[in-house]
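For the sequence shown, position 23 (counting from the first letter as 1) is numbered 34 according to the numbering used here, and the numbering increases by one without interruption. A quick write-up on the structure given underneath.
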Amino acid sequence: MLDTEAPKKQIVLLNNETALVFLNSNEVYFLPCTIRRTRVRFLRDVKHN
Numbered sequence: 012m013l014d015t016e017a018p019k020k021q022i023v024l025l026n027n028e029t030a031l032v033f034l035n036s037n038e039v040y041f042l043p044c045t046i047r048r049t050r051v052r053f054l055r056d057v058k059h060n
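Below, the structure written as structure tokens:
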């Protein structure tokens with residue numbers, strides 16, 4: 012079966028080093044990230060249990 016509901020994700024950049032990632036199941040992740048030329052590179056992936 013195809014997954015018709017893609018996970019909704021909202022990324023809020025707090026500063027140049029930290030991003031807040033909101034997932035659709037009321038989960039919030041603090042992720043260290045780096046911003047280089049309007050690209051956001053996450054230093055760590057969001058882990059799912």
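All C-beta atoms in this analysis are idealised placements derived from N, C-alpha and C, irrespective of residue type, glycine included.
_Can you tell me whether residue 25 is helix, strand or coil according to DSSP?_
Working through the sequence shown from its first residue, we reach residue 25 at position 14. Looking at residue 25 - three-state DSSP - the assignment turns out to be coil, as it is neither helix nor strand.
*Distance between residue 35 and residue 60 (C-alpha atoms, nearest Å)*: Your numbering for residue 60 matches position 49 in the sequence shown. Your numbering for residue 35 matches position 24 in the sequence shown. Here residue 60 scores only 45 on pLDDT, less than 50, and its place in the model is too uncertain to base an answer on.
*Inter-residue spacing [alpha-carbon to alpha-carbon] between residue 33 and residue 44*: Here residue 33 refers to the residue found at position 22 of the sequence shown. Here residue 44 refers to the residue found at position 33 of the sequence shown. Taking the straight line joining both Cα atoms gives about 15 angstroms.
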